[in-house]
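Okay, so here's the structure we're looking at.
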Amino acid sequence: MQFGGLTAVNKVDLDIHPGEIVGLIGPNGAGKTTFFNCLTGMYQPTAGQVLFAGAVLPPQPRKVAVAGVARTFQNIRLFHNMTALENVMVGRYARTKTNAIEAILRLPRHRREEAETREVAQQWLDFVGLGDAAESLSRNMPYGDQRRLEIARALALEPKLLLLDEPTAGMNPQETREAEELITRIRGLGMAVLVIEHDMRFIFSLCDRVACLVRGEVLIDDVPEVVQNDPRVIEAYIGSPVDMPGEQEEAPRPDVSTLAPSKPVLEFPPNAINPIIGHRTKPGGRKDA
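If you read the sequence shown in full-length UniProt numbering, its first letter stands for residue 1, the second for the next number, and so on.
Written as structure tokens, this is what we have:
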């Protein structure tokens, strides 16, 4: 994936198995969210194809959703004038078959699917701990609950692969721990989970494997213990090691013989009154009384 002359994503290949959590880390601008956008059809790759489970994913979000890929966003994207239940029902839309005419006329198939969607949405709200907030407008919900609601909406699709883009951004420590527990329970459902996150403690505690993306390419893909101690990963985040003070070369001393002789800061002509000391200056620096 290129933007002008900049290659944002290049030949990224990740293996994620059902029931596995993989973390995707990398410095800002490494191409992590761009990779998610390519996977979900929001960006059309400038070259190559996106393959999932051996099949080509077209750059069309609805077809990607039908193929079994769901996601959340770095910046929360909820329908703020809809209730929590209605937001989750929207996530189920790709699994319905009712057409526009059936929906407008509220024909039997539409009513059946709507009832089923409502029931499934309530189950996912219960799963993420928001069952009692089903009728609350999403805009009135606390920030941490909005994050969980977005996850519930993605789960309503019942995906094979769940993409979470910085799910703990802006959360306090307690909310972060709850998010970790929730994602662990999602793994227990047999879904594959790919998580982008900058909280290294969260990533290395949660994930089975971690991949580091640098300049659009996978630098390393291994277990957390190996990745967090890899010198290349450390350098990608904090840069090349600097010289220690004792190892720096001493700056050359100036050649004093080339310096101009020192002069008085202020010079006054003979018999002039020095405005600073208020006396007339005689030749030789003597002062009048």
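Every residue, glycine too, gets a C-beta built ideally from N, C-alpha and C.
By DSSP, does residue i sit in helix, in strand, or in coil?
i, result
"M244", "Residue placement at M244 is poorly supported in this model, since its pLDDT is 45, which falls under 50; the coordinates still yield a value, given next. M244: coil per DSSP, three-state reduction."
"A100", "helix"
"D145", "helix"
"V69", "strand"
"L163", "strand"
"L14", "coil"
"V88", "helix"
"L130", "coil"
"L137", "strand"
"T117", "helix"
"residue 292", "The requested residue 292 is not part of the displayed model; the chain covers only 1 to 289."
"M200", "helix"
"I76", "coil"
"A169", "coil"
"E158", "coil"
"L125", "helix"
"L189", "coil"
Determine the burial state of residue i: buried for a count of at least 16 other Cβ atoms within 10 Å of its Cβ, exposed for fewer.
i, result
"V227", "buried"
"M244", "Caution is warranted here: a pLDDT of 45 is assigned to M244, below 50, making its placement in the model unreliable, and the coordinate value is therefore given only provisionally. Answer is exposed; the Cβ neighbour count stays below 16."
"Q146", "buried"
"S138", "buried"
"V66", "exposed"
"K63", "exposed"
"V233", "buried"
"Y43", "buried"
"I104", "exposed"
"K32", "buried"
"T46", "exposed"
"residue 299", "Absent from the model: residue 299. The displayed extent of the chain is 1 to 289, so no value can be given."
"P159", "buried"
"V56", "exposed"
"E197", "buried"
"I183", "buried"
Can you check which of these residues, the options, is closest to residue i by C-alpha distance?
i, options, result
"Y237", "G29, Q122, E158 and F79", "G29"
"V210", "G216, I220 and R201", "I220"
"L213", "G4, A8 and Q2", "A8"
"R185", "V69, F35 and I151", "I151"
"P18", "G41, R187 and G54", "R187"
"T40", "G31, V50 and T46", "V50"
"D208", "H198, Q44, E197 and D222", "D222"
"G91", "A103, E102 and R77", "R77"
"V195", "G23, E217, G5 and P173", "G23"
"residue 293", "E217, V218 and I16", "One cannot answer for residue 293 here, as it falls past the ends of the chain, which runs 1 to 289."
"V218", "L182, G131 and P27", "P27"
"R201", "I25, V193 and F73", "I25"
"G5", "N229, E235, R215 and P224", "R215"
"G48", "N99, P108, N10 and M89", "N10"
"G131", "P58, R177, M1 and E86", "E86"
"H110", "T96, E119 and Q123", "T96"
What residues match up with residue i in a beta bridge as DSSP calls it?
i, result
"V227", "V227 is not bridged to any residue."
"G23", "V195 and V210"
"I220", "C212"
"V56", "L51"
"Q2", "T7"
"F33", "Here residue 33 is Thr; the residue named in the question, Phe, does not match the sequence. T33 pairs with nothing; no bridge assigned."
"T184", "According to DSSP, which records beta bridges pairwise, T184 is partnered with nothing at all."
"L107", "None, per the DSSP bridge assignment."
"T83", "L137"
With a threshold of 7 Å (Cβ to nearest heavy atom), would residue i be considered close to the ligand NAD?
i, result
"L206", "Judged by which ligands are present, the structure shown has none, so any question about the ligand NAD falls away."
Tell me, to the nearest whole angstrom, how far the beta carbon of residue i is from that of residue j; I am working on the premise that it is less than 8 Å.
i, j, result
"A179", "M171", "6 Å"
"M141", "A94", "That pair is no contact at about 24 Å."
"V12", "F35", "6 Å"
"A121", "A156", "6 Å"
"L162", "A154", "6 Å"
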